[in-house]
Amino acid sequence: AAPAPAMAEAAAAARVPPDEDGDECLPQYRHLLSPDLLEGQVAFITGGGSGIGFRIAEIFMRHGCRTVIASRSLQRVSEASKKLVAATGQQCLPLSLDVRQPQTIAAAVDEALKEFKRIDILINGAAGNFLCPASALSFNAFKTVMDIDTMGTFNTSK
Numbered sequence: 804a805a806p807a808p809a810m811a812e813a814a815a816a817a818r819v820p821p822d823e824d825g826d827e828c829l830p831q832y833r834h835l836l837s838p839d840l841l842e843g844q845v846a847f848i849t850g851g852g853s854g855i856g857f858r859i860a861e862i863f864m865r866h867g868c869r870t871v872i873a874s875r876s877l878q879r880v881s882e883a884s885k886k887l888v889a890a891t892g893q894q895c896l897p898l899s900l901d902v903r904q905p906q907t908i909a910a911a912v913d914e915a916l917k918e919f920k921r922i923d924i925l926i927n928g929a930a931g932n933f934l935c936p937a938s939a940l941s942f943n944a945f946k947t948v949m950d951i952d953t954m955g956t957f958n959t960s961k
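Counting from 804, one number per residue, gives the positions in the sequence shown under this note's numbering.
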């Protein structure tokens, strides 16, 4: 068995740093690539109100990209947009859509094009999941995940 200090050290190393845990902007950012790498570009990010989509939006914006973040929850993306704009100084348009409903995607794209006149980058970040063993997943729950993750990606990419 590993000595107690070694176990504590391993546990500390496995913890997510506090600046990356949650949906807050990074307190500081070191550009590994040119800060203006994405200047003049517009990204459309589904699932941009939280998690990986939020962080992608932040990094893109820190590199000069104007961003659309979209989610089923307009409140969530509106709050996320305020944080992103405050942290980066870039434009961020929050929009509501449901990737399972193509008409909501079309409306969001129209709104994005009205605001920015173009979309250069698409990030299909919207995802659904149920944290349980596959054997405990109902048919309807599995279908919902597939509708969001697979059909949603297809719908948005069209």
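A virtual CB, placed ideally from N, CA and C, is assigned to each residue, including glycine.
- In this structure, residue 883 and residue 849 do not form a Cβ contact; the two beta carbons are roughly 13 Å apart against a cut-off of 8 Å.
- Assigned with DSSP and collapsed to three states, residue 922 falls in coil, not helix or strand.
- When 921, 900, 945, 908 are compared, the shortest CA-CA separation from residue 932 is found for 945.
- Within the same chain, 832, 891 come within 6 Å of residue 865 by CB-CB distance, once the 5 residues on both sides are set aside.
- Excluding five sequence positions before and after residue 896, the CB atoms of its chain that fall closer than 6 Å to its own CB belong to 871, 918, given in chain order.
- The Cβ-Cβ distance between residue 925 and residue 899 does not fall below 8 Å.
- In the three-state reduction of the DSSP assignment, residue 938 falls in the helix class, which pools H, G and I.
- In the same chain as residue 881, and ignoring 5 residues on each side of it, the C-beta atoms closer than 7 Å to its own belong to 897, in chain order.
- Approximately 17 Å separates the beta-carbon atoms of residue 887 and residue 911; this is outside 8 Å, ruling out the contact.
- Boundaries of the beta strand (DSSP E) harbouring residue 870: 869–874, taken from the DSSP string.
- In this structure residue 868 is in contact with residue 841, their Cβ atoms being roughly 4 Å apart against a cut-off of 8 Å.
- Taking all protein chains shown into account, residue 955 has 16 or more neighbouring C-beta atoms within 10 Å of its C-beta and is therefore buried.
- DSSP, read as helix, strand or coil, puts residue 846 in strand.
- Looking at the DSSP output, residue 895 bridges to 870.
- Contact between residue 951 and residue 903 holds: their C-beta atoms lie close to 6 Å from each other, under 8 Å.
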